[in-house]
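Take a look at the structure below.
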């Protein structure tokens, strides 16, 4: 071959590789989130994506915004088909670990630990980050973590003559009775979706059993049929016997629940830090109950092994699908950075996972929850996400059985143990 | 004439011993048949037969649906299913819906088709109205009915206005009521289909015979009972078949309306499979349920076609 031919060939190869590189540079990141209401929240999500795309013109972020229940069902289907989105909503815990163990997620440990662990160490809520850790790898990162507690209507509480917030379960039952006596629906619940009701039983189990009981059952040293779990059902039955929920709550959704509080027709709900936004989004006025909304933590259970500073919480993170391009991780890093989390706080009232953004939390209610979260003596993530899917579904069904009065506390605890003994 | 005969003579194959000739033609025919059948057969095998066998295979494993199944458990999933009280309830609910469909939905459709099928002025309008629900998607139907049944929804509002002292009914939250509330939606959705089929069949019933019966002094009921309905029998048998299979496979309406709740009071076979198979990431178990549903449908389908519907295929009218 002569020199000219070599030159041509070299040029050709160079040309091909340049075009190949150009093709590689244009990447698409598929992102599924569940921020749908109120209207300004998904707009903010789009804004964040647009800002990132403006700074990285080669990246296109395709957003799919799904309602919570629809998201869970669609995700289960694509996961079983082995085709995860690049980035998607995740609460961490057993459900996520299930995906990680099946090789459906991308390990982002190299990016987290790069530069001496700059990204990893930026998280003040390390417990939250650890929900995204499976064995030695990290598969996602949190951006909104808080606590479940009571959101209540101060005006309705005043109407019922309640002067002191309940510190114990017995006092709480008294408050419920007082509201009922005043002709006010004490509690809103959307039990068709099952997970809102499971907060009640889980929080009671955290109070009756504490960290040790749950960890024993989870690691199979103990059992979900142990006394504290049965007792949680018994305590919940005390509440159910008062009939404190809005009419028809067994067939209504979380949206109905939020609407009942947001419209001021029910006095309280047991819900996570996202509740105010959803109340606004589902209320007739679009405003919720405004400054009449206040918050108090879950009361103590006398004689229980848990302490009042044990927290049931959790929140939102983003997990990374196995086929995600590097740009997806760059975007996640951007999304969880202090500057961007500060905008989440400003627009959506989130509880940020990095210390620098915490200063932006100015809403006093949110500050309370933030303090509660940061000072938790034991931070337990929601059972329906923390436990493997089959056990999680068993918990949802068992608690649903209690609310419907078809299971005794013993049967409810045993039905969870039956599945746990096979799955854990 | 002669040229045609000559042509015809020419295309006849040369005289050969029949024994040598026949195999070659058969081979050509087989090739032709094969070429036509193979594409369909491949698609049919790939998307119908293969998944059935695959489900049968998966049903022998404890498998979360992610990766490859390895934890072989034999028939454990089947034993577990039949011992699960919720599955037993789901079977009962499926049977209730099937029986109710047969005794409520089909007679309703039959009566309406006879009423508006022929003489009524403006029957086109009625036909469109009654058929409309069938045209809606199932999800939309379920969401609309969710509003209708809601605590502050249409039913409770209307009844509260016209009935003094009316206590709002918790339609979908009442364990004793929810299944029937769901069944009412199923009826609303599907009776139109059966009605249209009956109306089409009614066109085939000769009015001369009915006329003759009337002249002979038969009452309207006797005409229906002894002339019209028997002549519609093939269609009635077909709608029973469609109705039973439709009831056994009911999923979307129930899932969107109640998701099987409250406390499993409205689970049917398909919602049970979805809840305890796919949502619980227990695909091995879900496959076992799928195989059971398939077996039930297959047994019914084959049994019904062989004993009841076989005469319809010959075009017989009774």
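Chains as they are written, first to last, in the numbering used here: chain R, 136 to 559; chain Z, 974 to 1291. For each residue, glycine too, the CB sits at the ideal point set by N, CA and C.
Please look up how many angstroms separate the CB atoms of residue 389 (chain R) and residue 284 (chain R), rounded, as I've assumed it's under 8 Å.
Within the first chain, the letter at position 254 stands for residue 389 (chain R). Within the first chain, the letter at position 149 stands for residue 284 (chain R). Between residue 284 (chain R) and residue 389 (chain R) the Cβ distance is about 16 Å, and since that is not below 8 Å, they are no contact.
Hey, is residue 1132 (chain Z)'s beta-carbon within less than 7 Å of any beta-carbon in chain R?
To locate residue 1132 (chain Z), count along the second chain from 1; it is residue 159. Answer no: the Cβ-Cβ gap between residue 1132 (chain Z) and chain R never drops below 7 Å.
Taking CB distances under 7 Å as the criterion, tell me whether residue 1056 (chain Z) reaches chain R.
The residue labelled residue 1056 (chain Z) in the question sits at position 83 within the second chain. Residue 1056 (chain Z) does not count as touching chain R.
Hey, which unbroken runs of the beta strand (DSSP E) at 3 residues or more fall wholly within the stretch 246–285 of chain R?
Listed in chain order, they are 275–282.
Tell me which residues share the same chain as residue 157 (chain R) and place their Cβ nearer than 7 Å to its Cβ, disregarding the 5 neighbours each side in the sequence.
By one-based count along the first chain, residue 157 (chain R) stands at place 22. Low confidence applies here, because residue 157 (chain R) scores a pLDDT of 49, under 50, leaving its location unreliable; read the following figure in that light. If we look at residue 157 (chain R) and ignore the five residues flanking it on each side, it has no Cβ neighbours.
DSSP-derived helix/strand/coil call for residue 1274 (chain Z)
The residue given as residue 1274 (chain Z) occupies position 301 in the second chain. Collapsing the DSSP output to three states places residue 1274 (chain Z) in a helix.
Contact defined as beta carbons within less than 8 Å: I believe residue 314 (chain R) pairs with residue 402 (chain R). What is the distance between those atoms, to the nearest angstrom?
Sequence index remark: in the first chain, residue 314 (chain R) carries index 179 (1-based). Sequence index remark: in the first chain, residue 402 (chain R) carries index 267 (1-based). Right, the Cβ-Cβ distance comes to about 5 Å (below 8 Å), so this counts as a contact.
Kindly say whether residue 1251 (chain Z), judged by its beta-carbon, lies nearer than 7 Å to any beta-carbon of chain R.
To locate residue 1251 (chain Z), count along the second chain from 1; it is residue 278. Yes, contact with chain R.
By how many angstroms is the C-alpha of residue 456 (chain R) removed from the C-alpha of residue 262 (chain R)?
Counting from 1 along the first chain, the entry for residue 262 (chain R) is found at position 127. Counting from 1 along the first chain, the entry for residue 456 (chain R) is found at position 321. C-alpha separation (whole angstroms): 22 Å.
DSSP bridge partner residues for residue 366 (chain R) (one or two, in chain order):
By 1-based counting over the first chain, the position of residue 366 (chain R) is 231. Listed as beta-bridge partners of residue 366 (chain R) by DSSP are no residues whatsoever.
Residues in the same chain with beta-carbon distance under 7 Å from residue 368 (chain R), minus the five sequence neighbours each way, listed in chain order, please.
Residue 368 (chain R) sits at position 233 when you count from the first residue of the first chain. So the qualifying residues of the chain are 336, 537, 544, 547, 548.
Neighbouring residues, chain R, relative to residue 1039 (chain Z) (Cβ below 9 Å)
For this step, residue 1039 (chain Z) is matched to residue 66 along the second chain. Per Cβ cutoff of 9 Å: 214, 215, 217, 233, 234, 236, 237, 238, 239.
Between which two residues does the alpha helix (DSSP H) containing residue 168 (chain R) stretch?
The residue given as residue 168 (chain R) occupies position 33 in the first chain. Counting along the chain, residue 168 (chain R) sits inside no alpha helix (DSSP H); it lies in the beta strand (DSSP E) bounded by residues 162–168.
Closer than 8 Å is the cut-off here; do at least three beta carbon pairs connect the stretch 181–193 of chain R with the stretch 415–425 of chain R?
The stretch 181–193 of chain R, when compared against the stretch 415–425 of chain R, does not touch it at the 8 Å Cβ threshold.
Would you call residue 267 (chain R) buried or exposed, if buried means 16 or more other Cβ atoms sit within 10 Å of its Cβ?
Reading the first chain from its first residue, position 132 is the one you call residue 267 (chain R). Buried: at least 16 other Cβ atoms inside 10 Å.
Could you confirm whether any beta carbon from chain R is found closer than 7 Å to the beta carbon of residue 1235 (chain Z)?
Along the second chain, read from residue 1 onward, the residue named residue 1235 (chain Z) stands at position 262. Yes, residue 1235 (chain Z) counts as interfacial toward chain R.
Taking only beta-carbon atoms, is residue 1246 (chain Z) less than 7 Å away from chain R?
On the second chain, position 273 is the one that residue 1246 (chain Z) refers to. Not one beta carbon of chain R lies nearer than 7 Å to the beta carbon of residue 1246 (chain Z).
I think residue 257 (chain R) touches residue 473 (chain R), with their Cβ atoms under 8 Å apart; what is that distance to the nearest whole Å?
Reading the first chain from its first residue, position 122 is the one you call residue 257 (chain R). Reading the first chain from its first residue, position 338 is the one you call residue 473 (chain R). The pair is a contact, with the Cβ atoms about 7 Å apart (cut-off 8 Å).
In whole angstroms, what separates the C-alpha of residue 292 (chain R) from that of residue 1230 (chain Z)?
Mapped onto the first chain, residue 292 (chain R) falls at position 157. Mapped onto the second chain, residue 1230 (chain Z) falls at position 257. Cα to Cα, residue 292 (chain R) sits roughly 34 Å from residue 1230 (chain Z).
Residues of the stretch 368–390 of chain R in Cβ contact with chain Z at a cutoff of 8 Å, in chain order, please.
Legend: CB atoms of the stretch 368–390 of chain R lying less than 8 Å from CB atoms of chain Z belong to residues 381, 382, 383, 384, 385, 386, 387.
So which residues of chain A does residue 443 (chain R) contact, with C-beta pairs closer than 9 Å?
In the displayed structure, chain A is absent; the protein chains listed are R and Z.
Are there 16 or more other CB atoms within 10 angstroms of the CB of residue 1003 (chain Z), so buried, or fewer, so exposed?
In the second chain, counting from the first residue as 1, residue 1003 (chain Z) sits at position 30. Looking at its Cβ environment, which holds fewer than 16 other Cβ atoms inside 10 Å, residue 1003 (chain Z) is exposed.
Between R:222, R:494, R:160, which lies nearest to residue 560 (chain R) when the distance is taken from Cα to Cα?
Any property of residue 560 (chain R) remains undetermined from this structure, which presents chain R solely from 136 to 559.
For a contact defined as C-beta to C-beta under 9 Å, what are the partners of residue 327 (chain R) on chain Z?
Taking the first residue of the first chain as position 1, residue 327 (chain R) is located at position 192. Within chain Z, the residues near residue 327 (chain R) are 1145, 1146, 1231, 1232, 1234, 1235.
Euclidean distance between Cα positions of residue 1035 (chain Z) and residue 522 (chain R):
The count along the second chain starts at 1 and reaches residue 1035 (chain Z) at position 62. The count along the first chain starts at 1 and reaches residue 522 (chain R) at position 387. So the two alpha carbons sit approximately 18 Å from each other.
Just to confirm before moving on: does the CB-CB distance between residue 1226 (chain Z) and residue 1159 (chain Z) stay below 7 Å?
What you label residue 1226 (chain Z) is simply residue 253 of the second chain in a count that begins at 1. What you label residue 1159 (chain Z) is simply residue 186 of the second chain in a count that begins at 1. Taking 7 Å as the Cβ cut-off, residue 1226 (chain Z) and residue 1159 (chain Z) qualify as a contacting pair.
Below-7 Å beta-carbon distance, residue 220 (chain R) vs any chain Z residue:
On the first chain, residue 220 (chain R) is found 85 positions in, with the first residue counted as 1. Chain Z, which has no Cβ nearer than 7 Å to the Cβ of residue 220 (chain R), makes this no.
Go through its chain and collect everything with a Cβ distance to residue 469 (chain R)'s Cβ below 7 Å, but skip five positions before and after it.
Along the first chain, one-based indexing puts residue 469 (chain R) at 334. Here the set comprises 187, 475.
Please list, in chain order, the chain Z residues whose beta carbon lies closer than 7 Å to that of residue 536 (chain R).
Here residue 536 (chain R) is taken as the residue at index 401 of the first chain, counted from 1. For residue 536 (chain R), the residues of chain Z that pass the 7 Å Cβ criterion are 1236, in the order they occur in the chain.
Please name the residue, chosen from Z:1253, Z:1271, Z:1282, that lies closest to residue 554 (chain R) on a Cα-to-Cα basis.
Here residue 554 (chain R) corresponds to residue number 419 of the first chain, with the count starting at 1. Its Cα nearest to that of residue 554 (chain R), the residue Z:1253 stands out among Z:1253, Z:1271, Z:1282.
According to DSSP, is residue 975 (chain Z) part of a helix, a strand, or is it coil?
Translated into the one-based positions of the second chain, residue 975 (chain Z) becomes position 2. Low per-residue confidence applies at residue 975 (chain Z): pLDDT is 44, beneath 50, and the placement is therefore not dependable, though the value from the model is reported in the following sentence. Helix.
Using the beta-carbon count (16 or more within 10 Å), is residue 1162 (chain Z) buried or exposed?
Counting from 1 along the second chain, the entry for residue 1162 (chain Z) is found at position 189. Under a 10 Å Cβ-count criterion, residue 1162 (chain Z) is classified as buried, with 16 or more other Cβ atoms of the shown protein chains found around its own Cβ.
Taking the alpha-carbon positions, what's the residue 1001 (chain Z) to residue 1012 (chain Z) distance?
By one-based count along the second chain, residue 1001 (chain Z) stands at place 28. By one-based count along the second chain, residue 1012 (chain Z) stands at place 39. Near 18 Å, if we compare the C-alpha coordinates of residue 1012 (chain Z) and residue 1001 (chain Z).
Can residue 364 (chain R) be considered in contact with the ligand MN, in the sense that its beta carbon sits closer than 6 Å to one or more heavy atoms?
As far as ligands go, the structure on display features none, and thus does not contain the ligand MN.
Could you tell me which uninterrupted alpha helix (DSSP H) segments, each at least 4 residues in length, are contained entirely in the stretch 191–237 of chain R, listed from first to last along the chain?
Every alpha helix (DSSP H) of 4 residues or more that sits fully in the stretch 191–237 of chain R is shown, in chain order, as 203–215, 229–236.
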